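Data first, discussion second: the structure below is written as structure tokens.
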Amino acid sequence: MAATYDLVIIGSGPGGIAAGLLAKQQGRPFIILEKGGHAMQGIIDTYPKGKKVYPTIPKRYPDPFPVLDIKPPDEKIPVEAYVDQANTVIKENDLAVHYNEEFKQIEGQFPDYIVKTDKGSYLTKNIILGFGSNIPNDLGIYGEAKTVARNIENGEDYIGINVLVIGGGNAAADVVCSLSKIKREAKDHDTSVYWAHIKETFEINKDTARDLGEEVLLGGHIKILQKAIPKIGEVDADGIDRLYIHQTTSSVMGNDLYLYQGMSFPMKNVIACIGTHGPSAIFDALNLQQITCTGAICKIAKEGERLLMLSDNLETSRPGIYAIGGAISPSYMEIGSDGIIKEKKHSNLIYTAVLDAQTAMNKIVKE
Ligand SMILES: Cc1cc2nc3c(=O)[nH]c(=O)nc-3n(C[C@H](O)[C@H](O)[C@H](O)COP(=O)(O)OP(=O)(O)OC[C@H]3O[C@@H](n4cnc5c(N)ncnc54)[C@H](O)[C@@H]3O)c2cc1C
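If you read the sequence shown in the numbering used here, its first letter stands for residue 6, the second for the next number, and so on.
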């Protein structure tokens, strides 16, 4: 039978942790589900190393910071120290965070929702969606490669394995570099990190290029595949899902005839770092009402973009399901208490994520 809670919080970013702290103070049974291996995984995945964290409060919002335990200090600490602060808060308050557990779907109706993850099911009345704005793009090829926004967890799992990283930006470069380093330090001289990009040129910044150059000079086994096109998923004779990737090696040979040079990797050894997208598709899958921006309705979102519809306490069109933080930035559609719907600007900041958590929790405790 599924475990029962009053509240399930998706994501252990500043918004999710703040919601957890407030639920704890109210004595509400809750859990936080985090798909990464660490608290603040979204921040770990997106901030450059050593980046200073600012406790910015946007204009027209009230001071002080709503949940002080999760406020970055005024003296602007590096991101690593902010992540440590979050871990201390979780430990000292004994917050129940399930790491490496990915939220997938919501079944049932209010007040008996079933939250489904890749590990299990939870029965709950309320759900806070605090999964941020960085959802990795899927490769969209049968067999499901691991898709990551920036960092790879458990890099050690790839020792002794030829691994293929797909993508041409800094995120892919960081993954290539860290996997190569792990293999090199483990004295794995027999396998390589293949790095494939659909174009000829890669778009990486100077710091990342320096790290990569250093890794190659130190003996890293990195093999670059330019103009490489991930083609199809196939199942081999042993029943293993594989990805076939090819590079065009010659011009067209007569009518309708092409010659390709290709490689095939078990799909489980493929890591796709091919950008991120907003959570609109997830809101669709959860049947949460969104409104398409047309004409003069939206000033922040572009024509055609779809915005989540929320009440002034951040409840979605499904009762008991709330959306907060980066997941609803840079704007959403607010239904005011007068019934008028208008686009509401929402800055993607730690402060707003935490304030949102407080707004949603105020409503949940009133129920
Ligand atoms: C480079 C950079 C620098 C920034 N600097 C600042 C700053 O100095 N000050 C400031 O106020 N703001 C800053 N921001 C913005 C700030 O980090 C975000 O506004 C804030 O992290 C949003 O918090 P959140 O809790 O909504 O989402 P996130 O912090 O993104 O957390 C979401 C969490 O949900 C998890 N998750 C996602 N999908 C699932 C799933 N399916 N199942 C389970 N878990 C899931 C993620 O792994 C992640 O840990 C910066 C952002 C960037 C990119």
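C-beta: ideal position from N, C-alpha, C; glycine also.
Model, not experiment: these values are computed from the prediction.
- Here T357 is not bridged, per DSSP, to any residue.
- The Cβ-Cβ distance between D143 and T129 does not fall below 8 Å.
- Using a cutoff of 7 Å, the CB of G280 does not count as near ligand 1, since none of the ligand's heavy atoms is closer than that.
- Beta bridge pairing from DSSP links E348 with M338.
- A distance criterion of 7 Å places the beta-carbon of I36 beyond contact range of ligand 1, judged by its closest non-hydrogen atom.
- In this model, L319 and K124 are separated by some 28 Å (Cα to Cα).
- Judged by the Cβ position, G21 qualifies as a neighbour of ligand 1 at the 7 Å threshold, a heavy atom of the ligand being closer than this.
- Here K228 really is in contact with W200; their C-beta atoms are around 7 Å apart, less than 8 Å.
- Rounded to whole angstroms, the separation of the alpha carbons of P116 and I209 is 48 Å.
- Between ligand 1 and K56, a heavy atom-to-CB distance of less than 7 Å is present.
- Under the rule that a run must span 3 or more residues, the beta strand (DSSP E) segments found entirely inside the region 91-154 read 108-114, 117-122, 126-134.
- Between G172 and C298, the C-beta spacing is not below 8 Å.
- The beta carbon of A191 lies closer than 7 Å to those of I164 in the same chain, with the five residues before and after it left out.
- Annotation for S285 indicates a beta carbon at 7 Å or more from all heavy atoms of ligand 1.
- Relative to ligand 1, S17 has its C-beta within less than 7 Å of a heavy atom.
- Burial is judged here by how many other beta carbons sit within 10 angstroms of a residue's own beta carbon; V221 has fewer than 16 and is exposed.
- Contact between the region 355-367 and the region 59-70 is present, with at least three C-beta pairs closer than 8 Å.
- Secondary structure of K64 (DSSP, three-state): coil.
- Distance from the C-beta of F207 to the nearest heavy atom of ligand 1 is not below 7 Å.
- Here F207 is not bridged, per DSSP, to any residue.
- Counting of Cβ neighbours within 10 angstroms places S342 among the exposed residues, the total staying below 16.
- Boundaries of the beta strand (DSSP E) harbouring A8: 8-15, taken from the DSSP string.
- At the C-beta level, Y66 and P77 stay beyond 8 Å of one another.
- Counting of Cβ neighbours within 10 angstroms places H194 among the exposed residues, the total staying below 16.
- Here G20 is buried. Its C-beta has 16 or more other C-beta atoms within 10 Å.
- Listed in chain order, the non-local C-beta contacts of I346 below 6 Å within the same chain comprise M338, I340, local neighbours out to five positions each way being set aside.
- By the criterion of a C-beta distance shorter than 6 Å, N156 is surrounded in its chain by D50, once the five residues flanking it on both sides are discounted.
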